[in-house]
Every structure is written in structure tokens, then in C-alpha cells.
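Protein chains in written order, with this note's numbering: chain A, 482 to 951; chain B, 56 to 457. Reading through the C-alpha cells given below for one structure.
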């Protein structure tokens, strides 16, 4: 019987190896990464091992029938990238030495240009993975502008796969078992999202030999950023935020404006607070340790607990949508009339309140991509004086020339604060950028804001507290 | 199906018990289900938010009802409802017109003064006048494409209040399965249906024979051999209704909870009283099969007992469940596959399958259609015109040596 040849194929996000005995496999590879799969009678491992596996087999001098890589070289129709700044050049060079790894650069320092420069020189089928749909479309546009290539779109109910495509993390994770061998370079934008327990399949199920991660803030609250090392590669370049400030970025300051609830709001707020407190007090009579979590657990069994929870949510909503915020916003619009202005709301409802009051466009998840582009372009070109958004724009959406941002709600998380701040840090001559924070005084919101200011994005910024308004 | 965040389950000694509304313990829910269906049936023209609020009100005084259960019912009702979708982007177009018109007047102030002359109320009235509609109307339609403001235009509904509750119970088991890393089914019947639906859900199988006509079927996915992964949990959830429609099975799934590394077991069987919305599988693939089974009867003939779908033949991921097994008192086993209507291509595929399992004794019965010549087939098939004769089959069975 003739010895069967060693064959390597891509199978649903994994590699299958046939034609090698157990001894041969452990001789060439050692204990990892292959696992015998009785179901198909072959050796199986994650597709991400492809580079290492291939190298080992070649070194061992095995005649290999390798059907894994189905990606092709790409010819860019027209390369038109700005000349890179010194630190961008350094980032590209650092990545090029390893050809897999993460580049850490603050928002607004041109990560996208670094990625485009790398794409231009690797010239291979590339998949760009972005956190949200807006950013996926933004990559599509940037690739068209910079490389003259009309990239495919995978996500947002579109499945148009081309040798160069843009997708979202969720779509990448779902479809990587089918697409994992069609891209030689994979780029993870805002790559701190990748290490989620399921989402990491987007890297694990890809056979791409070239990998690039981009982020301003690799750290995650769960500590899983260490996994980026084997999912993408080590950090090859890091530019600290303090190096960026004042040089490549506009100078900025943070101004905090406390607002108070109106008399009516306060009455309603106190009444709701009372309801919640009364329930807690009543329950603590039987159980002194009765905590908020217990209340949430009880909502399943007692209508009273459900009512208390509803009261709590209504209370939050009053904070979030306090009328006076709209008055303060009017003053800020007056103050910065003629300057484009971004407003970040804490909820969809508040974003719509702002939009209806001032008749400025709002970007929410219901907006189609045309509307989003039209609004963003409109702000850029001065057709629109301002826009209001909620979390949709939390990360990296390009908004050039915005120097005034207003936060009127939102949760306290260090990354969110950094990303939002980064949004207004666009370089534009010597103009100073200002971030206003409008928070309801004496409420939970105020606490969230002070937590937010502790994050290191605010380190060294000048802080002002606007006069108390009553 | 529900989404993962709508799952409700209790945990008990390493077991997960998905939320279940049973007639005994939740009698009042039958009435609630009827009222919810009424709300949707009579709710044409209402917004999603209004409908969801009305559904919430049904449970206003119910002590035993987590908020998530209400949300789950809303999801199941929405699944069979049609909402008006703003496909032509009318709201978006209206927004563009309004915001463009207002852009020149920014900022809209509450009260005009010497610096800023554009008063909110005046500008709004002016824009309304230009668009030829009242401002109230514009304000109502400005965000009509937001999902909570979609209006109900049709409701397919569920056949009955009991059907809605049945669907809820199955949906909660499905939601628990979203976190499944593997699923094992001990089956005694209807193997064909079980395996076909598992394949449709893109699951991989590992089959072990545990006794005569009894199999252990383990389902997971390609990467499961490398690590415990929840990646295929959604596929298992998709597969579940088909399994529930079958009889004679017991199922066990390993579920990974959100807390890292913590695993629980989910157990279920065909005796648990869950009802699938799928009909039970057809007893017979064809009238020829049914005819032969009826003529043969439940007792052995000349020592041969006829059993439907009694054996699973498998190699790797290829499976073949022949229509019948003939078991003889003396231990002989002969499989039989019946081919009624056929095309040359179909017959070719059957032939390949038979070749893959040629170490088994398989008797093939093929309908002889007028004017069509049978291609070469192994082991001389029995041919028949309208139905198989017991006599012909017995004659051929005797040719298989003990």
C-alpha cells in the first residue's frame, strides 16, 4: 500500500491534517497543537496555528499537500495615502519586523493611516474587523479613498465577500468558520474587543499569517488583554497619550457644569426615591442585610419589588433627561455658535429630546448607513451645526474638525471616557478643544462623572467648574 | 426563539432547570396568554411600545412573574407579528428636510434676544408651514422608524393560548442551550429524523450503539474536539424542536454558564411533556414502506421480525438509516432499503451509499418503472411494481446465510 501524502486543509475554522501517524505528529510538533478527531479520522487544530504548522512541516521536509490558503495577492487600483508622520512611520516599521502584533496609539493619531500603509505594502487579501457597523462602513470609505479599492461588506445584513472586505466583530465571529482561509492579512480595529470568550473565534478560526491589532487602550477590566498576544501578536509599538497631547493633537480642557432638577422634577424624583427607600426599609426589617441585588431577585415574585424597580428606573430617567440640561445646552450652543459641536447623550430618549428641541440631527441605531454618512459629512462640511449621538459614536468614528463636545449623560468607564475625549482631539491648527460635562447635581450621575474624571485620559487636563446655576 | 438575555433558569445541585409554565403550577397563565393574544389581535395600528406596555399590564398584580418573562412573551409575540417598516425611509427623509431647514437657524433659542433671533416655536411653525403639515404631525413622524415606534400591521399569532405557553416552555429550554458545549441523545426510535435535523443544524455527530435498536448520539461542532466551546449552542437550540417532535429519547446537555468555567447539566426526555410546534415525523417515507409493514404485521414471519429504522450505519460523518431491519430468531440481521420513485442520479447516490456500507447485509428493493432500465446495482435488488410482496421478501431473506 502506498504511503498517503500529508495533507492540510481548512475545515470550518480549524485545520485538518491527514496522512501522519501519531508518532510522526508528535515527532514533528511535540505535544501541541493537534488533537485526534475520531469523528472525521484526522488531526485537528485551530486555524490560527497555520503559520506555525506550515513552518514545522516544511522544516521537517514533508511533502505537503497544502490546500489551506485560498487568499490571493491584491493589486491596489490607486494608492493615495498622506505622507505618514514620524511616529506613524515608526509604527509601520515596528509591525513589519514581526508581521503580526498590536499597535497602540491614542485616538486621533491616525491609526487608520498606519493600517492603510501596511495594507498598501502587503498587497494581499485583507479582512478588516471593526467594532460597530458605522466603523465598518468608515473602513470601506477609507480603503476606497486611500487605495482606490471598493471593499466587500460582511455585516449589517450584507454578505458581499471580496478579496478585501470590512466586517464587524460579531459577523467575523459568526462567519469566520467559512471565511477563515480567504484572507492573508487580518486587521482588528479597536482590538481590545477581541478577547471576549466567543468573539475571540474571529482570530482563532482565521488562518491569516499576517495580523494587525489597533487600539488606543488595550487594557480590559477582565484582564483578558494578555490573550491578544497569541490571538494577534505582541504589542509592537506603543505611543503614550501624553506624547500625543499638545503635539499632534489639539490642546483640550474639561469643563464640568452641574445642573439641578426643576422643582417639579425634584418632587417627582424625591417621591420615587421615597418609594424605593420605603421598600428597602420594609424588607430590611426582616432581613438587615437586604441589598439591592435581593430586590432585583425579588421582582420575579412580588409586584411591590417590581414597582420599586420601576421607580428606580424612572428616577434614573429623570436624572438623565433633566430639563435644565437642555437649557445649559442652549447656552453652550450660543457660546459656540458657528463652531461644529458634538453632543453625547446618556440614552436614546435623551438624544431624541435634544434632536427635537434644537432640530439637530441625531445618530442612533435606527439610522441607515446613508443617513449616518450624510449627517457625519454634513457636520464636517458645515451643513449641520451640531449633532447628537449616544453610544453609536463611542469609538473611533471619524469626526474631523470638531472642537466642542458636550457629554450630557453616560456611564463611567475609563475606556468610554477616553474614546469620547479622543473624539474632540482632532488636530486643527491651534484651536483649543473643550469637553463639557453636564451632570445633575446631588445624584448618582455626579458620582459617575467624578469616577470618569479619574481615568487617565484626563490626567494633566485643565479643569474648570462652571458657576453653580440655580 | 428567545435571545440569551431573556433566559430564565433555576440552578439546583449542578442542574439547570429552565423556566417552565405548567398547567398545575401556573394555571392562571392560560388566561394571561389568552389576554396577550387578544392584545396583539386587536392591536393593529398600535406601536410596539404600546403593545409591550399593554402586555406588561396583564401581569400587574401577578406575584409570580419576573420582568424577563414578560419580555420573553413580547419577543415570542413579536416573532409572529408584522410591523410596518419604514422601508422607503420616509422618516429619514423628513428628518433631513427638517434638520436642513433648521440648520441655517441654529441655535434655536427659547426666547429671542438681540444676539440670537431664532425662536424655537417660531422656527418650528415656519418649517411646518413650508412642509404644509402641522408641527404636531411632523413631531410624531420624525422618529417613526425607531423600533419602539413601529406600528403593528399583522399578527399571525399562535393557534391557542396553550400553544403560546408551549412555545414559551420550549423557547426557555432553547435559551438554556445557547450556552451548551455538547448534547447527548439516547435514542430508541426515529433515528432518521433526529440525524437529519441535527445535520440541518450543522452539528457533527458521534454515534455509539448501546444495544439492539438503541443508540447514543453525541452532538457538537468541529472545534469542540479542541476545547469546550459554546459556539455550537445556538445550533443545538435550533435542533431542539425537531427532537421534541420525536419519541423515545432522553437528552443530556452540558451547559457553560456565564461565570467562567462553571458548568451545569440540562436533562430532558420525550416523557417530559414538552410540545414542539413541529409535527411529529411521518411514520413512513412512502406508501410502499407502509404497505409492507402492514402486510408483515408485528409478529415474526418464518422467524423474521420486521423493525422500522432499527439500525444506524455510520462511518465518519456519513450516516445511513435503512428503512427496515429484519431480525431472525437465530441472530441473523438483514437491512432493507426501499427505493420508490427514482431518477438515475438519485439511484447513483443510493448506490454510492450502499457501497460505503457494503460490509453490511443490505437488501435493496427498487420500483421498476415502465420504460426505464435499471443501472447495474450490487446484490441483485428486488424489483416491484406497485407494492412489495411478503413472499418475495421472505424468499430473498432465506438466501442470507446464518
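Using N, Cα and C, we set each Cβ at its ideal position, and we do this for glycine too.
Residue(s) in a DSSP beta bridge with residue i
| i | result |
| --- | --- |
| residue 304 of chain B | B/242 |
| residue 800 of chain A | DSSP lists no partner for residue 800 of chain A. |
| residue 138 of chain B | B/207 |
| residue 523 of chain A | A/518 |
| residue 388 of chain B | B/382 |
| residue 359 of chain B | B/356 and B/383 |
| residue 868 of chain A | A/823 |
| residue 491 of chain A | A/496 |
| residue 633 of chain A | A/646 |
| residue 235 of chain B | B/310 |
| residue 921 of chain A | A/740 |
| residue 752 of chain A | Its beta-bridge partners do not exist; DSSP assigns none. |
Cutoff 7 Å: residue i Cβ touching any chain B Cβ
| i | result |
| --- | --- |
| residue 839 of chain A | yes |
| residue 482 of chain A | Low per-residue confidence applies at residue 482 of chain A: pLDDT is 37, beneath 50, and the placement is therefore not dependable, though the value from the model is reported in the following sentence. No, residue 482 of chain A lies away from the interface with chain B (no Cβ there is under 7 Å from its Cβ). |
| residue 488 of chain A | no |
| residue 892 of chain A | Low confidence applies to residue 892 of chain A: its pLDDT is 48, below 50, so where it sits in the model is not reliable enough to give any reading. |
| residue 516 of chain A | yes |
| residue 852 of chain A | yes |
| residue 495 of chain A | yes |
| residue 503 of chain A | no |
| residue 873 of chain A | Confidence at residue 873 of chain A is low in this model, with a pLDDT of 47, below 50, so the placement of that residue is unreliable and no value is reported for it. |
| residue 736 of chain A | no |
| residue 520 of chain A | yes |
| residue 865 of chain A | yes |
| residue 842 of chain A | yes |
| residue 833 of chain A | yes |
Neighbourhood of residue i by C-beta distance below 6 Å, restricted to the same chain and skipping five residues each side
| i | result |
| --- | --- |
| residue 624 of chain A | 630 and 632 |
| residue 306 of chain B | 240 and 323 |
| residue 74 of chain B | 63 and 227 |
| residue 779 of chain A | 786 |
| residue 546 of chain A | 486 and 488 |
| residue 302 of chain B | 244 and 325 |
| residue 230 of chain B | 57 and 62 |
| residue 859 of chain A | 865 |
Which listed residue (the options) has its alpha carbon closest to that of residue i
| i | options | result |
| --- | --- | --- |
| residue 278 of chain B | A/696, A/682 and A/704 | A/682 |
| residue 174 of chain B | B/162, B/183, B/184 and B/185 | B/162 |
| residue 695 of chain A | A/809, A/586, A/795 and A/615 | A/586 |
| residue 789 of chain A | A/762, A/803 and A/915 | A/762 |
| residue 169 of chain B | A/572, A/815, A/650 and A/538 | A/815 |
| residue 108 of chain B | B/119, B/118, B/89 and B/128 | B/128 |
| residue 634 of chain A | A/658, A/836 and A/607 | A/607 |
| residue 527 of chain A | A/618, A/662 and A/810 | A/662 |
| residue 698 of chain A | A/795, A/672, A/685 and A/711 | A/672 |
| residue 713 of chain A | A/666, A/622 and A/758 | A/666 |
Any C-beta of chain A under 7 Å from that of residue i
| i | result |
| --- | --- |
| residue 371 of chain B | yes |
| residue 261 of chain B | yes |
| residue 256 of chain B | no |
| residue 152 of chain B | no |
| residue 198 of chain B | yes |
| residue 162 of chain B | yes |
| residue 147 of chain B | yes |
| residue 411 of chain B | no |
| residue 158 of chain B | yes |
Contact set for residue i: own chain, Cβ-Cβ below 8 Å, skip 5 residues either direction
| i | result |
| --- | --- |
| residue 138 of chain B | 103, 205, 206, 207 and 208 |
Contact test: residue i Cβ vs the ligand SAH heavy atom, cutoff 6 Å
| i | result |
| --- | --- |
| residue 518 of chain A | In the structure on display, the ligand SAH does not appear, and there are no ligands present to speak of. |
Chain-order list of residues whose beta-carbon lies under 7 Å from that of residue i (same chain, five-residue window excluded)
| i | result |
| --- | --- |
| residue 705 of chain A | 676 |
| residue 803 of chain A | 740, 742, 746 and 921 |
Proximal chain E residues relative to residue i, where beta-carbon distance stays under 7 Å
| i | result |
| --- | --- |
| residue 707 of chain A | Absent from the structure is chain E; the protein chains it does hold are A and B. |
query: When Cβ atoms are compared, which residues of the stretch 97-116 of chain B fall closer than 9 Å to chain A?
result: Cβ contacts with chain A come from 114, 115 and 116.
message: So if I threshold CB-CB distances at 7 Å, which residues from the stretch 762-785 of chain A count as touching chain B?
response: Residues passing the 7 Å Cβ filter: 780, 781, 782, 783 and 784.
- prompt: the stretch 794-823 of chain A: which residues have C-beta closer than 7 Å to a C-beta of chain B, in chain order?
  reply: If you check each beta-carbon in the stretch 794-823 of chain A against every beta-carbon of chain B, the ones closer than 7 Å belong to 811, 814, 815 and 818.
- request: Give, in chain order, every residue of the stretch 272-286 of chain B whose Cβ lies closer than 7 Å to some Cβ of chain A.
  value: From the stretch 272-286 of chain B, only 277, 278, 280, 281, 285 and 286 have a Cβ closer than 7 Å to chain A.
message: Give me the subset of the stretch 674-688 of chain A whose CB atoms are less than 9 Å from a CB atom of chain B, sorted by chain position.
response: Taking a C-beta cut-off of 9 Å against chain B, the contacting residues of the stretch 674-688 of chain A are 678, 679, 682, 685 and 686, listed in chain order.
- request: With 9 Å as the C-beta to C-beta threshold (strictly closer), list the residues of the stretch 526-558 of chain A near chain B in chain order.
  value: Across the stretch 526-558 of chain A, CB contacts with chain B closer than 9 Å involve 526 and 527, in sequence order along the chain.
- prompt: Going along the chain, which residues of the stretch 119-136 of chain B sit with their C-beta nearer than 9 Å to a C-beta in chain A?
  reply: Taking 9 Å as the Cβ-Cβ cut-off against chain A, the residues of the stretch 119-136 of chain B that qualify are 119, 120, 121, 122, 123 and 124.
- prompt: Which residues, in chain order, does the stretch 561-578 of chain A contribute to contact with chain B at a C-beta distance below 9 Å?
  reply: The stretch 561-578 of chain A vs chain B, Cβ under 9 Å: nothing.
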